[in-house]
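S.K.: Per UniProt numbering, the very first residue in the sequence shown carries number 249; after that it's consecutive.
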Amino acid sequence: SKGDYEHYMLKEIFEQPSTIKNTLFSHLNTENSDIHFENLDELKEKLVKAKRIIIVSCGTSWHAGIVGEYIIEELARIPVEVEYASEFRYRNPIITKDDIVMAISQSGETADTLAALRYSKAQGATTFCICNVFNSSMARECDFTAYTYAGAEIGVASTKAFTAQVAVVSLLAIQLGLERNEISQEKANALVKEIKTIPSVVNQIFATDDHIKTVAKNYTETTSFLFLGRGINFPIALEGALKLKEISYIHAEGYPAAEMKHGPIAMIEESLPTVIIATNNEYYDKLVSNAQEVKARKGPIVAVVNDDDNEMIDTADYVFKVPRVSDMLQPIVSVIPLQLFSYHVAVLKGCNVDQPRNLAKSVTVE
Ligand code: M6R
């Protein structure tokens with residue numbers, strides 16, 4: 249049930265401290281915080297020696313895949329490709345028995361993702377899935393399943409499943425990095441220690457919900473949005489845009505911030521707001537200059553920044569503050585205000601947020 253919440257989506261957004269926690273602690277040894285994935289033993293060797301991981305997924309799960317690509321490549325130094333399941337399966341992809349094909353799916357039933365997995369399996373690849381539904385088709389058919397423990401997700405717009413997927417992929421990357429000697433035990437311990445704080449970090453962001461709602465009130469008549477992010481926050485720009493378009497029907501495009509000058513900048517004007525995810529990482533200064541370029545063309549700016557931000561705050565019209573965490577863990581945190589923002593815009597517009605038009609929770613047709 250929705251309990252005290254007006255919509256499932258809001259309930260599910262607010263459940264994230266506990267769903268992230270459940271997911272993390274299902275894969276962490278309570279005594280020593282070692283990472284473990286049940287039944288992975290026989291596949292571990294293959295995974296650790298993998299020359300390549302291909303992630304296949306759709307929609308929000310595809311965005312989790314891109315976050316995964318950045319984290320796995322950074323920590324484990326295994327090349328990762330992220331593919332739309334539909335594109336991958338239809339183009340006669342090159343797959344060998346040395347490949348690991350990893351599906352990410354909330355439902356475990358998405359037709360294109362399932363077909364991509366079956367195809368890969370038939371080519372001899374090792375198949376792996378990160379999935380939220382116990383015993384789903386993908387879980388049954390894959391060589392290995394790492395579950396997310398987000399609980400049933402009812403809202404069509406995926407929120408808690410996404411952060412749980414990112415949590416699992418992060419643990420996996422740390423574990424692979426360690427086993428491949430790409431990161432030290434100390435670094436792995438420090439990351440695990442920090443990842444355990446994420447549920448309470450997410451909880452802190454909820455205190456800003458009223459502010460997010462107030463900001464949302466300015467955009468109920470807006471017809472188009474640009475979302476920009478760089479590095480590991482790039483997929484969060486895509487996800488922020490997808491959330492907004494699917495539940496509020498406002499056109500929104502996510503872009504890597506540096507691509508702005510290769511096209512989208514032509515669109516910037518007073519009626520096109522830009523959401524910039526500018527948490528404090530090595531790209532921060534570049535994002536500040538992107539923001540200044542937008543401002544110079546009278547484009548309104550909403551920025552997701554860290555609590556200790558001191559530059560973006562002067563350029564943006566509105567900021568959503570989030571606590572600062574290691575760059576690698578920032579996506580789970582940065583996405584929260586964007587989920588809330590799209591929720592409020594959609595509700596203020598009178599949209600049916602839990603069951604947006606034309607969409608189904610699980611896309612089991614091709
Ligand atoms: O169940 P799956 O994770 O495989 O679903 C994939 C997409 O259909 C899904 O993420 C969709 O994009 C959501 N409506 C996004 O909020």
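Even glycine gets a Cβ: it sits at the ideal position worked out from N, Cα and C.
1) What is the rounded straight-line gap between the Cα of P265 and the Cα of S496?
2) Under the three-state reduction of DSSP, which class applies to L607: helix, strand or coil?
3) If we require 3 or more residues per run, which beta strand (DSSP E) segments fall completely within the stretch 276 to 342?
4) Over the uninterrupted alpha helix (DSSP H) stretch that includes I446, give me the two end residues.
5) Does the beta-carbon of Q354, which I'm using as the reference point, lie nearer than 6 Å to any heavy atom of the ligand M6R?
6) Please return the same chain residues whose Cβ sits closer than 6 Å to the Cβ of C377, not counting the five positions on each side in sequence.
7) Going along the chain, which residues of its own chain have a beta-carbon closer than 8 Å to the beta-carbon of R300, five neighbours each way excluded?
8) Sort out for me which residues DSSP pairs H499 with in a bridge.
9) Just curious, the beta strand (DSSP E) that V570 is in, first and last residue?
10) Is it the case that the Cβ atoms of A421 and A551 are separated by a distance below 7 Å?
11) With three or more C-beta pairs closer than 8 Å as the rule, is the stretch 331 to 340 touching the stretch 585 to 602?
12) Any heavy atom of the ligand M6R within a distance shorter than 6 Å of the CB on V417?
13) Is any heavy atom in the ligand M6R found nearer than 6 Å to the beta carbon of V414?
14) On a CA-only basis, which of I302, T470, V463 is nearest A373? Give me that one, please.
M.R.: Straight from the coordinates:
1) 25 Å
2) coil
3) 300 to 305, 328 to 332
4) 446 to 453
5) yes
6) A351, M386, C390, T393
7) I326, P327, V328, E329, D346, D347, I348
8) S472
9) 566 to 570
10) no
11) no
12) no
13) no
14) I302
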